[in-house]
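For reference, the structure is listed below as structure tokens.
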Amino acid sequence: MKISLFYEFALPRPWAPDDEHVLLQECLDEVEAADKAGFSTVWLTEHHFLEEYCHSTAPEIFLAAASQRTKNIRLGFGIMHLPPAVNHPARVAERIATLDLLSNGRVEFGTGESSSVGELGGFNIDPADKRAQWEEALEVAIRCMIEEPFSGFNGEHVQMPARNVIPKPLQKPHPPVWVACTRPASVQMAAQKAIGALSFAYTGPGPLTERVNGYYKEFEENGVPVTPAINPNILAIGGDLSMMVAKTDEEALQRLGKGGGFFSFGIMHYYMTGVHTPGRTGVWKRYLEEVEKDPTLAYGPGRGAIGSPATVREFLRGYEESGVDEIILLLNPRSHEGTMESIELMGKEVLPEFIERDAKAVADKATRLAPVIEKVEARRPKSTAPQFDENYSFGGLPTGRGGKFTASEIPEAMAEINEGRVQAAQRAKEQQQQKK
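For the record, in the sequence shown the residue sitting at position 59 is 59 according to full-length UniProt numbering, with numbers rising by one throughout.
This is the structure in structure tokens:
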């Protein structure tokens, strides 16, 4: 089992003027330390308008910075929103490919639809359409990464003409693809599409075993690849998985403070029961009020990876026995100093035994899945992508000056293009003809 870290950049009020700057700089230091400690991946979410709970609105920027301060840790999007109103699939392909090049091929491409009213409403996305938008956008983004040129797409939610989208990713044909899974049904959907499942786990390692077994059973029996490269993997993330390690259990709990349950509270507030006024509602304040009523809320739904190295090793072994391929530990609101020491202790006293066992587990899994993957690949459908029309081309905007310019005429021609003079005149002419 691989062990990774997850960031949302929670930032409780009250805010000082430089709090966001300090947060990002400290998190870069932590990711650099996590790379040296031996964590597998750093996963960053993407959310918008979810103040205090998540300030990770442009994960590709942070991951690009982290790529230059790290060597081995993989860089995961957990997740990138694919509805075109949030991220156009061509831009998705460009950003994923650029980061993959900068990081020497370390990107994990986690995808999702979004489900909060704050985000969907903020981008005017109909919740009833978000799954269809995700499916179309995923197909287009992947095709943009591998086709040269991309031959075009005419869907219900994405329409795009032929273009050669550059650059192309270092990992061929594309980085591993994942999808966020909040319910057992969505885990099954990931298996059916032969992509990785970013599975939320709030019930501990016991019930997770059933979910893991169900994923691989569905993959074998009904998996049909929707991407050129399949990714049969399932990982776990959830409110039960906060991390804080210290020399003793008591010290770890003290260092965690009251922030351990904020991840789960933020989900409840923004996705379910909360009422929010932008820029006014105090989410952290409300959380502390609930913790005051029930102090156990400060630790999340379960104890998590909180305690001495021995306690955390025992906790993680339970998840390892569930069969999950990777576990992502949450870094809730906490002190930077405590987190740095926690990462160091994980690297020295917790991670080594899991890294050693994972190497063998990966090799055994590859052998076990080889015939299954062959069966799944045999079900791969033929591509429905259109052939590129070799007669297709595009030109510049008309200027009314013909096709040749002297050097002195270029600035004026560009001004005409930018001001839309020729286009406006053409529209007026067409409108007059229609009236006749």
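Just so it is clear, CB atoms sit at the ideal spot from N, CA and C, and this is done for glycine as well.
Please classify Cys54: does DSSP put it in a helix, a strand, or coil? In the three-state reduction of the DSSP assignment, Cys54 falls in the coil class, being assigned neither a helical nor a strand state.
Determine the direct distance from the alpha carbon of Val165 to that of Gly112, and round the result to whole angstroms. For Gly112 and Val165, the distance between alpha carbons rounds to 22 Å.
Within this structure, are the beta carbons of Phe62 and Ile328 separated by less than 7 Å? no
To test your reading of the DSSP string, which unbroken beta strand (DSSP E) runs of 3 or more residues are found completely within the region 113–201? 177–181 and 196–200
Take the Cβ of Phe394 as the centre, count every other Cβ of all protein chains shown within 10 Å, and call the residue buried at 16 or more, exposed below. exposed
Boundaries of the alpha helix (DSSP H) in which Met340 is found, first to last residue: It spans His336 to Leu345 - the alpha helix (DSSP H) in which Met340 sits, taken as one unbroken run.
If you drop the 5 nearest sequence neighbours on each side, which residues of the same chain put their C-beta closer than 8 Å to that of Ala197? Trp178, Val179, Cys181, Ser186, Val187, Ala190, Ala191, Tyr215, Asn233, Ile234 and Leu235
What are the residues that DSSP puts in a beta bridge with Trp43? Phe6 and Gly76
In the DSSP assignment, the alpha helix (DSSP H) including Val92 goes from what residue to what residue? Pro89 to Leu102
At what residue ranges does the region 320–398 contain a whole run of the alpha helix (DSSP H), taking only runs of 4 or more? 336–345 and 351–378
Can you name, in chain order, every residue of its own chain whose Cβ lies under 7 Å from the Cβ of Pro309, other than the five neighbours on each side? Leaving aside the five residues that flank Pro309 on each side, the residues in its chain whose CB is nearer than 7 Å to its CB run, in chain order, Val245, Leu345, Glu349 and Val350.
Sequence ranges, alpha helix (DSSP H) only - wholly within the region 220–256, length at least 4: 249–256
Measuring only the C-alpha atoms, how far is Thr248 from Gly307? 6 Å
So, with DSSP's three-state summary, where would you put His269? helix
Out of Ile355, Arg334 and Glu60, which has the shortest C-alpha to C-alpha gap to Leu253? The option with the nearest alpha carbon to Leu253 is Arg334.
Counted within 10 angstroms of its Cβ, other Cβ atoms place Lys71 as buried (16 or more) or exposed: exposed
Throw me the rounded Cβ distance for the Leu330 and Thr339 pair, which I believe falls under 8 Å. Between Leu330 and Thr339 the beta-carbon gap is near 11 Å, outside 8 Å, which marks them as no contact.
Proximal residues to Trp284 (C-beta, below 6 Å), its chain only, five neighbours per side dropped: Within the same chain, Trp284 has close Cβ partners Pro12, Arg13 and Glu52.
From Leu138, Met145, Leu82 and Arg143, residue whose alpha carbon lies closest to that of Glu119: Leu82
Cβ separation of Tyr319 and Gly261, assumed to be a contact under 8 Å, to the nearest whole Å: Going by Cβ atoms, the distance from Tyr319 to Gly261 rounds to 19 Å, so no, they are not a contact pair.
Straight-line Cα distance separating Ile3 from Arg280: 37 Å
At the level of alpha carbons, what is the spacing between Cys144 and Ala90? For Cys144 and Ala90, the distance between alpha carbons rounds to 6 Å.
Check for me: the beta strand (DSSP E) holding Ala413 runs from which residue to which? Premise fails: Ala413 lies in the alpha helix (DSSP H), Ile410 to Glu419, not in any beta strand (DSSP E).
Which one of His88, Ala34 and Ser56 has the shortest CA to CA distance from Arg69? Ala34
Sequence-distant residues of its chain with Cβ nearer than 7 Å to Pro386 (five each side left out): Ser151 and Gly152
Sub-7 Å separation of Leu173 and Ala229 beta-carbons: For the record, residue 173 in the displayed sequence is Pro; it is not Leu. In this structure, Pro173 sits near Ala229, with a CB-CB distance shorter than 7 Å.
Give me the residue from Lys217, Gly266 and Glu356 with the minimum Cα distance to Gly238. Gly266
Do you know whose CA, among Gly76, Glu148 and Asn418, lies nearest Val31's CA? For the options Gly76, Glu148 and Asn418, the alpha carbon positioned closest to that of Val31 is the one of Gly76.
Distance, Cα to Cα, Pro127 vs Cys54? 21 Å
On the premise that Leu99 lies in contact with Ser67, defined as a C-beta separation below 8 Å, what is that separation, rounded to the nearest angstrom? 7 Å
I need the straight-line Cα distance from Thr227 to Ile146, nearest angstrom please. 11 Å
Can you give the Cα-Cα distance for Val86 and Phe123, rounded to whole angstroms? 7 Å
Quick check: the Cα distance between Leu288 and Lys258, rounded to an integer number of angstroms? Rounded to whole angstroms, Leu288 to Lys258 spans 8 Å at the Cα level.
Phe354 versus Ile373: straight-line alpha-carbon distance, rounded: Distance between the alpha carbons of Phe354 and Ile373 is about 26 Å.
Taking Thr296 as the reference, give the member of Val312, His269, Ser264 and Ser322 with the closest Cα. Ser264
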